[in-house]
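Student:
Protein chains: 2
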Amino acid sequence: MKISRKNRPTLHDVAKAAGVGTTTVSRVINGGHYVGPEMLARIQSVMAELGYQPNEAARSLKSERSRTIGLIIPSITDPFFARFAEVVEVHARREDYVVILLTSQDRAQLELEDLQIFERHRVDGLLVVPPRSGSSSKALLQSLRRLSVPVVAFDRPTTNRAFSSVVSDNYAAAQQAVRHLMGHGRRRILCLGGDPNLYTICERVKGSTDALASAGFEVLVEMSASDYASAEAAIMKHMAGKHKLDAIFGLYNQSTILAYEVMQNYKIRVPQAVSLIGFDDFALAATLRPSITVVKQSIEELARTATQLLLNHMKGETHAPQQIEIASSLVIRQSCGCKAPRESLRARS
Amino acid sequence: MKISRKNRPTLHDVAKAAGVGTTTVSRVINGGHYVGPEMLARIQSVMAELGYQPNEAARSLKSERSRTIGLIIPSITDPFFARFAEVVEVHARREDYVVILLTSQDRAQLELEDLQIFERHRVDGLLVVPPRSGSSSKALLQSLRRLSVPVVAFDRPTTNRAFSSVVSDNYAAAQQAVRHLMGHGRRRILCLGGDPNLYTICERVKGSTDALASAGFEVLVEMSASDYASAEAAIMKHMAGKHKLDAIFGLYNQSTILAYEVMQNYKIRVPQAVSLIGFDDFALAATLRPSITVVKQSIEELARTATQLLLNHMKGETHAPQQIEIASSLVIRQSCGCKAPRESLRARS
DNA sequence: AGCCGGAGTGGAACCGTTGCCACTTGTCGG
DNA sequence: CCGACAAGTGGCAACGGTTCCACTCCGGCT
Numbered sequence: 040m041k042i043s044r045k046n047r048p049t050l051h052d053v054a055k056a057a058g059v060g061t062t063t064v065s066r067v068i069n070g071g072h073y074v075g076p077e078m079l080a081r082i083q084s085v086m087a088e089l090g091y092q093p094n095e096a097a098r099s100l101k102s103e104r105s106r107t108i109g110l111i112i113p114s115i116t117d118p119f120f121a122r123f124a125e126v127v128e129v130h131a132r133r134e135d136y137v138v139i140l141l142t143s144q145d146r147a148q149l150e151l152e153d154l155q156i157f158e159r160h161r162v163d164g165l166l167v168v169p170p171r172s173g174s175s176s177k178a179l180l181q182s183l184r185r186l187s188v189p190v191v192a193f194d195r196p197t198t199n200r201a202f203s204s205v206v207s208d209n210y211a212a213a214q215q216a217v218r219h220l221m222g223h224g225r226r227r228i229l230c231l232g233g234d235p236n237l238y239t240i241c242e243r244v245k246g247s248t249d250a251l252a253s254a255g256f257e258v259l260v261e262m263s264a265s266d267y268a269s270a271e272a273a274i275m276k277h278m279a280g281k282h283k284l285d286a287i288f289g290l291y292n293q294s295t296i297l298a299y300e301v302m303q304n305y306k307i308r309v310p311q312a313v314s315l316i317g318f319d320d321f322a323l324a325a326t327l328r329p330s331i332t333v334v335k336q337s338i339e340e341l342a343r344t345a346t347q348l349l350l351n352h353m354k355g356e357t358h359a360p361q362q363i364e365i366a367s368s369l370v371i372r373q374s375c376g377c378k379a380p381r382e383s384l385r386a387r388s
Numbered sequence: 040m041k042i043s044r045k046n047r048p049t050l051h052d053v054a055k056a057a058g059v060g061t062t063t064v065s066r067v068i069n070g071g072h073y074v075g076p077e078m079l080a081r082i083q084s085v086m087a088e089l090g091y092q093p094n095e096a097a098r099s100l101k102s103e104r105s106r107t108i109g110l111i112i113p114s115i116t117d118p119f120f121a122r123f124a125e126v127v128e129v130h131a132r133r134e135d136y137v138v139i140l141l142t143s144q145d146r147a148q149l150e151l152e153d154l155q156i157f158e159r160h161r162v163d164g165l166l167v168v169p170p171r172s173g174s175s176s177k178a179l180l181q182s183l184r185r186l187s188v189p190v191v192a193f194d195r196p197t198t199n200r201a202f203s204s205v206v207s208d209n210y211a212a213a214q215q216a217v218r219h220l221m222g223h224g225r226r227r228i229l230c231l232g233g234d235p236n237l238y239t240i241c242e243r244v245k246g247s248t249d250a251l252a253s254a255g256f257e258v259l260v261e262m263s264a265s266d267y268a269s270a271e272a273a274i275m276k277h278m279a280g281k282h283k284l285d286a287i288f289g290l291y292n293q294s295t296i297l298a299y300e301v302m303q304n305y306k307i308r309v310p311q312a313v314s315l316i317g318f319d320d321f322a323l324a325a326t327l328r329p330s331i332t333v334v335k336q337s338i339e340e341l342a343r344t345a346t347q348l349l350l351n352h353m354k355g356e357t358h359a360p361q362q363i364e365i366a367s368s369l370v371i372r373q374s375c376g377c378k379a380p381r382e383s384l385r386a387r388s
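Those protein sequence lines, which keep their order, are chains A and B.
Positions 40 to 388 (my numbering) are the ones given, in order, by the first sequence.
Positions 40 to 388 (my numbering) are the ones given, in order, by the second sequence.
1) How many angstroms separate the CA atom of GLY222 of chain A from the CA atom of ARG328 of chain A?
2) Which residue's Cα is closest to the Cα of VAL59 of chain A: A:VAL85, A:GLY70, A:ARG47?
3) Counting C-beta neighbours from all protein chains within 10 Å, is the total for ASN292 of chain A 16 or more, i.e. buried, or is it exposed?
4) Within 8 Å (strictly less), CB to CB, does ILE287 of chain B reach chain A?
5) For the alpha helix (DSSP H) holding LYS55 of chain A, just list the boundary residues, first then last.
6) Determine the direct distance from the alpha carbon of ALA124 of chain A to that of PRO118 of chain A, and round the result to whole angstroms.
7) On a Cα-Cα basis, can you pick out the residue from B:VAL188, B:ASP266, B:THR239 that is closest to VAL205 of chain B?
8) How would you list, in chain order, the residues of chain B whose beta-carbon sits under 8 Å from the beta-carbon of HIS160 of chain A?
9) Identify, in the order they occur along the chain, each residue of the same chain with its Cβ nearer than 6 Å to the Cβ of GLY246 of chain A, setting aside the five sequence neighbours on each side.
10) Is there a Cβ of chain A sitting closer than 8 Å to that of LEU100 of chain B, yes or no?
11) What first and last residue would you give for the alpha helix (DSSP H) that runs through CYS230 of chain B?
12) Can you tell me whether SER314 of chain A is helix, strand or coil according to DSSP?
13) Once the 5 residues before and after ASP266 of chain B are set aside, which same chain residues still bring their CB inside 8 Å of it?
14) Since ARG343 of chain A contacts VAL126 of chain A with CB under 8 Å, what's their CB separation in whole angstroms?
15) Give me, in chain order, the residues of the same chain whose beta-carbon lies closer than 8 Å to that of CYS241 of chain B; leave out the 5 immediate sequence neighbours on both sides.
16) So, with DSSP's three-state summary, where would you put GLN373 of chain B?
17) If we count the other Cβ atoms within 10 Å of its Cβ and call it buried at 16 or more, is ALA393 of chain A buried or exposed?
18) Can you look up PHE123 of chain B in the DSSP assignment and give me helix, strand or coil?
19) Just to confirm the assignment, what range does the beta strand (DSSP E) spanning PHE193 of chain A have?
20) Using the three-state DSSP reduction, which class does ILE139 of chain B fall into: helix, strand or coil?
21) Applying the 10 Å Cβ sphere with the 16-neighbour rule, what's the burial state of HIS160 of chain A?
22) Would you be able to state if there are at least three C-beta pairs under 8 Å between the segment 182-190 of chain A and the segment 301-311 of chain A?
23) Ends of the beta strand (DSSP E) at VAL301 of chain A?
24) How about ALA131 of chain B and THR346 of chain B: are their beta carbons less than 8 Å apart?
25) For ILE156 of chain B, would you say it is in contact with chain A, using Cβ-to-Cβ distances shorter than 8 Å as the test?
26) If you measure beta-carbon to beta-carbon, which residues of the segment 301-318 of chain A are closer than 8 Å to chain B?
27) Would you identify the three-state DSSP class for SER330 of chain A, choosing helix, strand or coil?
28) With respect to the beta strand (DSSP E) encompassing GLN362 of chain A, which residues constitute its N-terminal and C-terminal limits?
29) Along chain A, in chain order, which residues have C-beta atoms closer than 7 Å to that of THR116 of chain B?
30) Check whether the segment 133-145 of chain B touches the segment 109-118 of chain B, counting contact only when three or more Cβ pairs, one atom from each stretch, lie closer than 8 Å.
31) Exposed or buried, what is SER388 of chain A when buried is set at 16 or more other beta-carbons lying within 10 Å of its beta-carbon?
32) In this structure, what does DSSP give as the bridge partners for VAL206 of chain A?
33) Which of the three DSSP states is assigned to ILE111 of chain B in this structure?
34) Classify SER73 of chain B: buried if its beta carbon has 16 or more other beta carbons within 10 angstroms, exposed otherwise.
35) For the candidate residues B:SER65, B:ARG171, B:ARG218, whose alpha-carbon lies nearest to that of ALA254 of chain B?
36) Measuring CA to CA, which of B:ASN94, B:LEU165, B:ARG47, B:ARG104 is closest to LEU348 of chain B?
Given below as structure tokens:
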């Protein structure tokens with residue numbers, strides 16, 4: 040009858056076995072303060088012997104802290120967000136927090152469901168990539184407040200800036216990229232973008248526009264180039280006539296790759312005929328020929344900052360919401376027209 | 040003084056507000072069985088009104104089920120595992136389970152820590168990618184058993200096959216790939232691999248070897264080609280002398296890309312001089328020129344099967360451990376020597 | 001010597017939910 | 001007409017920790 044009953048030892052078992060009170064054992068679990076050294080050693084050895092592991096559910100219930108951080112990202116297969124999640128996990132774990140990860144697929148509805156799940160699990164803090172601003176963000180903000188738990192937005196600020204956020208310097212980085220293209224003598228620069236409702240995309244468009252405008256040129260913008268056909272159409276539209284485009288700025292990963300494919304298929308020489316810079320580095324950017332010059336966001340720093348800020352809020356150290364921008368950098372490769380730096384020959388994927 | 044006290048309503052509050060007993064409210068939360076229709080409606084409306092969300096910690100504590108699945112993968116930035124995690128999450132959520140994801144970086148030590156965390160959180164089931172067999176797997180297996188919770192291994196079986204596993208048909212797929220190369224008249228095929236302690240790699244080597252052997256040829260194998268320099272050395276070693284290699288089979292993602300880079304830098308024509316097939320599809324395999332023929336694992340099916348199997352075990356429907364293999368398929372592109380099928384021109388990244 | 005405060009310890013009341021048990025009511029077959 | 005049984009409902013004791021409180025030492029001050 041004693042078949043596989045998983046009777047895990049409880050704190051009471053440990054206390055009994057060590058001949059002490061439960062309070063003392065509890066103290067040992069939580070750092071051993073106010074416990075004599077010999078007692079501490081005894082209890083620890085008993086815990087090890089029994090293979091005791093505290094029940095987090097019970098701890099959460101009583102202490103009102105779940106030692107859990109909620110993380111909502113649009114997708115885990117996007118390398119950018121994947122790396123973000125990874126770094127967050129490492130830093131959170133260092134402070135004894137576990138990350139519960141949910142994906143929203145950038146749909147406000149799913150994100151609301153995610154928040155309910157987090158509310159049920161009583162997460163102690165929340166790291167969230169807000170969905171596209173086009174969708175009903177009213178409900179989202181309300182739900183975030185309802186949770187009454189520290190929140191840090193990542194990659195995009197919440198619409199009302201009521202919460203802290205950690206984002207890239209999209210505007211400045213786009214400016215820098217466009218100026219670099221202008222430095223190569225390019226004038227007719229096409230900004231090829233995706234969803235115009237995305238904060239990041241908008242900032243990048245603004246930066247590009249302003250950079251061109253301050254030099255006295257006009258900007259070309261084409262949004263919604265998120266599949267091959269529309270990218271092809273968008274680019275070809277500006278390849279006709281006498282004022283052909285002479286550079287493309289891919290406003291995000293996907294559009295950069297699509298632009299590259301289009302050029303390849305139309306045998307348009309890069310960078311001779313058309314220069315190319317992309318926003319966001321990607322796995323094979325250095326392997327393609329020509330290798331692709333990109334704006335590289337410092338994901339590690341973004342993630343580290345966001346996690347740290349959240350932890351600070353959770354400790355109650357910081358109260359006022361902060362908007363933090365992290366600098367990106369231009370990684371020069373071949374597609375912009377620069378000579379290929381040596382490193383790109385052996386860049387790792 | 041009433042500043043920001045987060046007094047979330049409890050089940051008792053709901054019961055009081057609805058003028059019913061706690062038991063009835065509890066029943067409503069858990070599906071509403073044995074509750075009259077008008078009472079059900081009343082309680083539901085009260086719950087909505089108060090914005091009640093049950094406290095999972097309390098539920099877990101009492102019911103001994105955390106509605107939580109533990110997931111351990113080597114890395115979340117590896118597209119293969121990322122996609123796996125995504126599909127698992129979707130299926131788990133459908134059954135009201137939340138996934139707690141931890142990464143092991145393929146280090147046995149970290150994986151043991153991960154298991155402790157899961158033990159504390161009393162996960163109801165475990166999906167795990169076992170670390171390389173070189174490391175101390177004894178301790179791992181023991182820890183897995185200690186958890187006394189259903190376990191399904193993914194991508195690689197546990198060494199003793201005591202737990203269920205869901206893996207790709209590495210052996211057969213490698214055979215198929217090598218036969219395809221032989222079909223193009225290739226005889227001197229180099230299998231370029233990574234860690235020889237990895238189950239998947241070993242199976243692929245075996246499949247390749249057997250395919251060649253049964254046709255009367257010899258296999259060339261080079262392991263540990265996980266950075267550019269060693270891949271270069273390994274390949275060049277077989278490009279000297281009169282018996283030059285005429286095909287490369289990249290045993291995993293990284294080695295395929297490295298092989299590609301080496302050939303590119305040495306101006307070796309693919310597929311004319313050397314054919315190339317890679318194990319595992321990757322983002323830009325269709326975009327590179329030549330596009331790369333690969334063995335594509337069916338991640339979705341792998342993940343779906345693994346999750347389903349785990350859920351079955353958790354429901355107690357299946358007890359005996361099962362070893363399941365999922366078929367992979369060969370995606371023909373240019374690098375093997377076949378004519379480029381039309382699709383590759385507009386393949387999405 | 002008497003007092004005070006802090007370190008070290010244990011007792012016991014919760015935290016919010018579930019599940020066992022008890023109870024009422026209505027229906028139905030014998 | 002009565003017992004059995006099912007549906008619908010509520011009371012209450014857990015689950016395994018944490019934390020408040022009380023209590024005992026003991027060393028250092030006044």
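For every residue, glycine included, the Cβ atom is placed at its ideal position computed from N, Cα and C.
Tutor: Here's the rundown:
1) 22 Å
2) A:VAL85
3) buried
4) no
5) 50-57
6) 10 Å
7) B:THR239
8) GLU95, ALA96, VAL137
9) TYR210, ALA213, GLN214
10) yes
11) Counting along the chain, CYS230 of chain B falls outside any alpha helix (DSSP H), though it belongs to the beta strand (DSSP E) covering 228-231.
12) strand
13) LEU297
14) 6 Å
15) PRO235
16) coil
17) In the structure displayed, chain A extends from 40 to 388; residue 393 of chain A sits before or after that span and is not available.
18) helix
19) 190-193
20) strand
21) buried
22) no
23) No beta strand (DSSP E) contains VAL301 of chain A, which is instead part of the alpha helix (DSSP H) from 292-304.
24) yes
25) yes
26) GLN303, ASN304
27) coil
28) 362-365
29) PRO118, ALA121, ARG122, GLU125
30) yes
31) Caution applies to SER388 of chain A, whose pLDDT of 39 falls short of 50 and renders its modelled position unreliable; the value that the coordinates give is listed next. Looking at its Cβ environment, which holds 16 or more other Cβ atoms inside 10 Å, SER388 of chain A is buried.
32) A:GLU364
33) strand
34) For clarity, residue 73 of chain B is Tyr in the given sequence; the question names Ser instead. Exposed, since its Cβ has fewer than 16 Cβ neighbours within 10 Å.
35) B:ARG218
36) B:LEU165
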